[in-house]
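**Student:** Okay, handing you the structure first.
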Amino acid sequence: MQTRDRLPRGSSDGRRAPAVDVVVVGAGPTGLLLAGDLARAGVGVTMVERRDRESNLSRAFAVHARSLEVLDARGLADELLRIGTPVPSLSPFGRITIDFSALRTRFPYMLVTPQWRLEHLLLRRAEEAGATMVRGARATGIRQDPDGVDVELSRADGAADTLRARYLVGADGARSTIRRSLGMPFPGESVISSVMLADVRLERAPDEALNFASNEHGFTFFAPFGDGWYRIIAWDRRRQLPDDAPVTLEEVRDITRRTLGDDLGMHDAHGSPASTATSDRCPATGGDGCSWRATPHMCTRPPAAWA
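Just so we're aligned: the sequence shown equals residues 1 to 307 in the UniProt record's numbering.
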């Protein structure tokens, strides 16, 4: 992997000359896709990501038709199709059916695949085109002037650093530091609080590729990741807790039993029953099962922008 630790300093007027054309903060799918596009167009790009290595944990689990078309234009869709599971229809909560087969596209379905697989493809494309990556660094603020933008970084070891670029793009999510630094609002409100997300193994597969179960207790949703792994999204109506409250595997089991009637032999990555899953709002990497809470929300300014 190409890395860049510190950019050169110094200019005759006291300002540092930009050492790279564009810094992209956030190496999720949006940031990686943009970095690859820019690098293939000959633009110098440095990506900044707070995770210190590639993750095999996943926040999202599905790629829709329009996204597949965007990937297809870049020669990536077929590779993703080989490792994903096409789902032609979806019946959320058993009340309605969403039929993707009528879509006028080469991809009349939703493709279920963990986000980390898509990120791996996009990262490989970006690096092959010449983009570089700074890992284990978190953007903490920005300073703009007519010639460019300074991105202030805090590294995992506590060291501070600064990257200087002509342009900055923030692709660092709903709680974006870049967006807040620009004073840009993120309108919306929580519609359901204390949703639990967990990546676990199941001994028994659900009846359908994507399985919803809901009743007066809440809901659970299962999406297959392969090799017995499933993403579970669950909401317990009686437990409304903050995002940073710990999540136990037994808690996920309990709401699954109360909505589905069966916990499907839910267990951790080591294949043995576990009483606690790792709790983390921002998981890093590793093979262990992981679960965390989320509060979902509904809803350019040169030289810095937020994507």
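Don't be surprised by glycine CBs; every beta carbon is placed ideally from N, CA and C.
Can you tell me where the alpha helix (DSSP H) with A91 in it begins and where it stops?
**Tutor:** Within the sequence shown, residue 91 is the residue found at index 91, counting from 1. Going by the sequence as given, residue 91 is Ser instead of Ala. Unbroken run through S91: none, as it is neither H nor E.
**Student:** Measuring only the C-alpha atoms, how far is L122 from V63?
**Tutor:** Stepping through the sequence shown from its first residue, residue 122 is reached at position 122. Stepping through the sequence shown from its first residue, residue 63 is reached at position 63. Spanning the two alpha carbons is a distance of roughly 14 Å.
**Student:** CB-CB under 6 Å to R204, same chain, minus the five flanking residues each way: which ones, in chain order?
**Tutor:** Here residue 204 refers to the residue found at position 204 of the sequence shown. Same-chain partners within the cutoff: L264, G265.
**Student:** Report the CB separation of T65 from L71 in whole angstroms; it is logged as a contact under 8 Å.
**Tutor:** Position 65 of the sequence shown, counted from the start, is the residue given in the question as residue 65. Position 71 of the sequence shown, counted from the start, is the residue given in the question as residue 71. Reading off the sequence, residue 65 comes out as Ala, not Thr. Between L71 and A65 the Cβ distance is about 11 Å, and since that is not below 8 Å, they are no contact.
**Student:** Could you check if T46 is buried or exposed, using at least 16 other CB atoms within 10 Å of its CB as the buried criterion?
**Tutor:** Here residue 46 corresponds to residue number 46 of the sequence shown, with the count starting at 1. Answer is buried; the Cβ neighbour count reaches 16.
**Student:** DSSP on T278, reduced to helix/strand/coil?
**Tutor:** Looking up residue 278 in the sequence shown gives position 278. The predicted model places T278 with a pLDDT of 32, which falls under 50 and marks its position as unreliable; any figure quoted below should be read in that light. It is a strand residue.
**Student:** Is V252 helix, strand or coil when you go by DSSP?
**Tutor:** By one-based count along the sequence shown, residue 252 stands at place 252. Reduced to three states, the DSSP call for V252 is helix.
**Student:** Helix, strand or coil: which one does DSSP assign to I232?
**Tutor:** Along the sequence shown, read from residue 1 onward, the residue named residue 232 stands at position 232. If DSSP states are grouped into helix, strand and coil, I232 belongs with the strands.
**Student:** Under the rule that 16 or more other beta-carbon atoms within 10 Å means buried, what is G31, buried or exposed?
**Tutor:** Here residue 31 is taken as the residue at index 31 of the sequence shown, counted from 1. Counting Cβ neighbours within 10 Å, G31 comes out buried, since at least 16 surround it.
**Student:** Say whether the region 133-140 touches the region 171-182, bearing in mind that this needs 3 or more beta-carbon pairs closer than 8 Å, one atom from each stretch.
**Tutor:** Short answer: they touch.
**Student:** Using the Cβ count rule (16 or more neighbours within 10 Å means buried), how would you classify R258?
**Tutor:** Reading the sequence shown from its first residue, position 258 is the one you call residue 258. Result: buried.
**Student:** Excluding the five sequence neighbours on either side, which residues of its own chain have a C-beta within less than 7 Å of the C-beta of F107, listed in chain order?
**Tutor:** Locating residue 107 in the sequence shown gives position 107, counting from the first residue. Excluding sequence neighbours, F107 sits near A65, L68, E69.
**Student:** CA-CA distance, T105 and R238?
**Tutor:** As a working note, residue 105 is residue 105 in the sequence shown. As a working note, residue 238 is residue 238 in the sequence shown. Rounded to whole angstroms, T105 to R238 spans 42 Å at the Cα level.
**Student:** Between A129 and G28, is the Cβ-Cβ spacing less than 8 Å?
**Tutor:** Your numbering for residue 129 matches position 129 in the sequence shown. Your numbering for residue 28 matches position 28 in the sequence shown. Cβ atoms of A129 and G28: not closer than 8 Å.
**Student:** Which residue wins for smallest C-alpha separation from residue 327, given the options I255, G228, P114?
**Tutor:** Within the shown structure, residues of the chain are numbered from 1 to 307, placing residue 327 beyond reach of any answer.
**Student:** Which value, in whole angstroms, describes the spacing of the CA atoms of L90 and P146?
**Tutor:** Indexing the sequence shown from 1 puts residue 90 at position 90. Indexing the sequence shown from 1 puts residue 146 at position 146. Each residue's Cα considered, the two are about 50 Å apart.
**Student:** Provide the residue span of the alpha helix (DSSP H) that contains D172, from first to last.
**Tutor:** Here residue 172 corresponds to residue number 172 of the sequence shown, with the count starting at 1. Unbroken run through D172: none, as it is neither H nor E.
**Student:** Just to confirm, is the Cβ distance from V151 to V48 under 8 Å?
**Tutor:** Position 151 of the sequence shown, counted from the first residue, corresponds to residue 151. Position 48 of the sequence shown, counted from the first residue, corresponds to residue 48. Taking 8 Å as the Cβ cut-off, V151 and V48 qualify as a contacting pair.
**Student:** Would you give the residue range spanned by the beta strand (DSSP E) that V247 belongs to?
**Tutor:** Taking the sequence shown and counting its residues from 1, one reaches residue 247 at position 247. That residue, V247, is in no beta strand (DSSP E); it is neither H nor E in DSSP.
**Student:** Can you check which of these residues, L38, G148, I233, A39, is closest to L260 by C-alpha distance?
**Tutor:** In the sequence shown, the residue the question calls residue 260 occupies position 260. Selected option, being the one with the closest Cα: I233.
**Student:** Specify the secondary structure class of P29 as computed by DSSP and reduced to three states.
**Tutor:** For the purposes of this step, residue 29 is taken as residue 29 along the sequence shown, with counting starting at 1. Note: P29 maps to helix in three-state DSSP.
**Student:** From V195 to A19, what distance separates their C-alpha atoms?
**Tutor:** Translated into the one-based positions of the sequence shown, residue 195 becomes position 195. Translated into the one-based positions of the sequence shown, residue 19 becomes position 19. Straight-line Cα distance between these residues: approximately 42 Å.
**Student:** Looking only at its own chain, which residues have a Cβ that is under 7 Å from the Cβ of M224, when we skip the five neighbours before and after it?
**Tutor:** Your numbering for residue 224 matches position 224 in the sequence shown. First, the amino acid is wrong: residue 224 is Pro here, not Met. Closer than 7 Å at the Cβ level, and outside the excluded window around P224, lie T85, V112, A209, Y230.
**Student:** Between V43 and the rest of its own chain, which residues show a CB-CB distance below 7 Å, the 5 nearest in sequence each way excluded?
**Tutor:** Translated into the one-based positions of the sequence shown, residue 43 becomes position 43. Excluding positions up to five away in sequence, the list reads D21, V22.
**Student:** In the DSSP assignment, find the alpha helix (DSSP H) that holds A126 and state where it starts and stops.
**Tutor:** For this step, residue 126 is matched to residue 126 along the sequence shown. 115-128 is the extent of the alpha helix (DSSP H) around A126.
**Student:** What is the rounded straight-line gap between the Cα of P302 and the Cα of G183?
**Tutor:** Walking along the sequence shown from the start, residue 302 turns up at place 302. Walking along the sequence shown from the start, residue 183 turns up at place 183. The predicted model places P302 with a pLDDT of 47, which falls under 50 and marks its position as unreliable; any figure quoted below should be read in that light. Between P302 and G183, the C-alpha separation is close to 14 Å.
**Student:** Helix, strand or coil, according to DSSP, for T177 in the structure here?
**Tutor:** Indexing the sequence shown from 1 puts residue 177 at position 177. Correct three-state label for T177: helix.
**Student:** Only counting runs of 3 or more residues, tell me where the beta strand (DSSP E) segments fall wholly within the region 36-75, in order along the chain.
**Tutor:** The qualifying runs are 45-49.
**Student:** So is G286 buried or exposed if we call it buried at 16+ other beta carbons inside 10 Å?
**Tutor:** Translated into the one-based positions of the sequence shown, residue 286 becomes position 286. Because G286 sits at a pLDDT of 29, beneath the cut-off of 50, its placement in the model cannot be relied upon, and the following sentence gives the value as read from the coordinates. That one is exposed.
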